[in-house]
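Scroll down for the structure; my scribbles are underneath it.
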Amino acid sequence: MIRSMLSAIALATLLAAACVASAAENLAALSASTMEQILKASKPSDWRPLNPNETLYMDLPQGRVVIELDPAYAPLHVANIRMLAHEHYWDGLAILRVQDDYVTQWGDPAAETQHPSHPPRSLGKAKAILPPEFERDITPALPFTRLPDGDVYAPQVGFSDGFPVARDPASGKTWLVHCYGMVGAGRDNAPDSGPGTELYAVIGQAPRHLDRNIALVGRVVQGMQYLSALPRGNGPLGFYRNPAHDTQILRVRLASDLPPSERMHLEVLRTDTPIFTALIEARRNRSEPWFHYRAGKIDVCNVPLPVR
Numbered sequence: 013m014i015r016s017m018l019s020a021i022a023l024a025t026l027l028a029a030a031c032v033a034s035a036a037e038n039l040a041a042l043s044a045s046t047m048e049q050i051l052k053a054s055k056p057s058d059w060r061p062l063n064p065n066e067t068l069y070m071d072l073p074q075g076r077v078v079i080e081l082d083p084a085y086a087p088l089h090v091a092n093i094r095m096l097a098h099e100h101y102w103d104g105l106a107i108l109r110v111q112d113d114y115v116t117q118w119g120d121p122a123a124e125t126q127h128p129s130h131p132p133r134s135l136g137k138a139k140a141i142l143p144p145e146f147e148r149d150i151t152p153a154l155p156f157t158r159l160p161d162g163d164v165y166a167p168q169v170g171f172s173d174g175f176p177v178a179r180d181p182a183s184g185k186t187w188l189v190h191c192y193g194m195v196g197a198g199r200d201n202a203p204d205s206g207p208g209t210e211l212y213a214v215i216g217q218a219p220r221h222l223d224r225n226i227a228l229v230g231r232v233v234q235g236m237q238y239l240s241a242l243p244r245g246n247g248p249l250g251f252y253r254n255p256a257h258d259t260q261i262l263r264v265r266l267a268s269d270l271p272p273s274e275r276m277h278l279e280v281l282r283t284d285t286p287i288f289t290a291l292i293e294a295r296r297n298r299s300e301p302w303f304h305y306r307a308g309k310i311d312v313c314n315v316p317l318p319v320r
């Protein structure tokens, strides 16, 4: 009887090892594939739908920009942005600044000019001052898919629930990083002066020197072309000198404030799956015929975050 039990345990161990080996072989095979092949091999469980309560639709004359908010890293700012969207704060405001290879920024033109005859728009129930949310504590509950390569700005970099992040285990802190398409809350010199009324999106080379100096609140998942292709501002820091050059914001809505029939059904690839790990390896070592040299490394801001 004992011998039978031991044999059954041994068989189960062998089967488990075979499954692990098979999974490793499949992962290795996927890693040698192209990004298109990897995504075709993905399962429905490898994707997650956008949460309507964490999704902003910003409608411009050129088209719609979809922004996914990240309450895990900036809960107070995200709550304030939700309130501003509930109250239609940005409707009729404008793109104020487009600085080449840097950011596109939007908000209330009157808040910039500070002219007594044109007071800034009321924030309604939203808060004018928030504590800075430049970083947060690392916790076991916070997912983290680490990149195998080093980073200039942080001890560790990787992804958490679809967002590029950095970590410093020595200090116990983690933070979102300024990659292309990331959205942050503009501020003045005071750390608590950026409540989310003015937002910006990175449209150029990743300005990682801004990390931990400003609250990042999310990322653009669709419609980056409408922000990156705008005319560059002709004033200091890319601000438009002539308000007539501003691009008007038609409206900004939280997806959950719209009826289901008016919501966009978008999914993003989960960053805690073997498929995403294979995608990282495939991008570190490009297998397409065009590539004659494989870098063997990748920067956190060069890892694509697929949306469908």
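Basically the numbering used here = 1-based index in the sequence shown + 12.
Just so it is clear, CB atoms sit at the ideal spot from N, CA and C, and this is done for glycine as well.
Computed from a prediction, not measured in an experiment: that's the story for all the values here.
Boundaries for V90: no beta strand (DSSP E) harbours it, while the alpha helix (DSSP H) harbouring it runs 87-98, taken from the DSSP string.
In the assembly as shown, S57 is an exposed residue. Its beta-carbon has fewer than 16 other beta-carbons within 10 Å.
Nearest in C-alpha terms to E274, of all of P64, P176, L81, is P64. DSSP, read as helix, strand or coil, puts S240 in helix. Closest in C-alpha terms to G208, from the list A182, K55, L88, comes L88. Under the three-pair Cβ rule at 8 Å, the segment 228-235 counts as touching the segment 64-79. By the Cβ-count criterion, V214 is buried, with 16 or more other Cβ atoms from all chains shown falling within 10 Å of its own Cβ. When the beta-carbon positions are compared, G308 and R296 come within less than 8 Å of each other. Secondary structure at F251: strand, using DSSP grouped into helix, strand and coil. Sequence-distant Cβ neighbours of M70 in its own chain, meaning closer than 6 Å and more than five residues away, are V77, V264. Residue pairing by DSSP places Q111 opposite V115 in a beta bridge. At least 8 Å separates the beta-carbon of V177 from that of G184. Sequence-distant Cβ neighbours of I50 in its own chain, meaning closer than 7 Å and more than five residues away, are L42, I287, A290, L291, A294.
Looking only at I93, T186, G245, the smallest Cα-Cα distance to A140 is reached by I93.
In this model, L68 and R253 are separated by some 28 Å (Cα to Cα). Membership of K52 in any beta strand (DSSP E) is not indicated; the residue belongs instead to the alpha helix (DSSP H) covering 47-52. Here the C-alpha atom of L317 lies approximately 11 Å from the C-alpha atom of Q234. Counting the other Cβ atoms within 10 Å of the Cβ of Q74 gives fewer than 16, which makes it exposed. Here D113 is exposed, its C-beta having fewer than 16 other C-beta atoms within 10 Å. Residue pairing for P61: DSSP places it in a beta bridge opposite E279. L96 sits close to A138, with the two beta carbons spaced by under 8 Å.
In the DSSP annotation of this structure, the continuous segment of the beta strand (DSSP E) that includes F175 starts and ends at 175-180.
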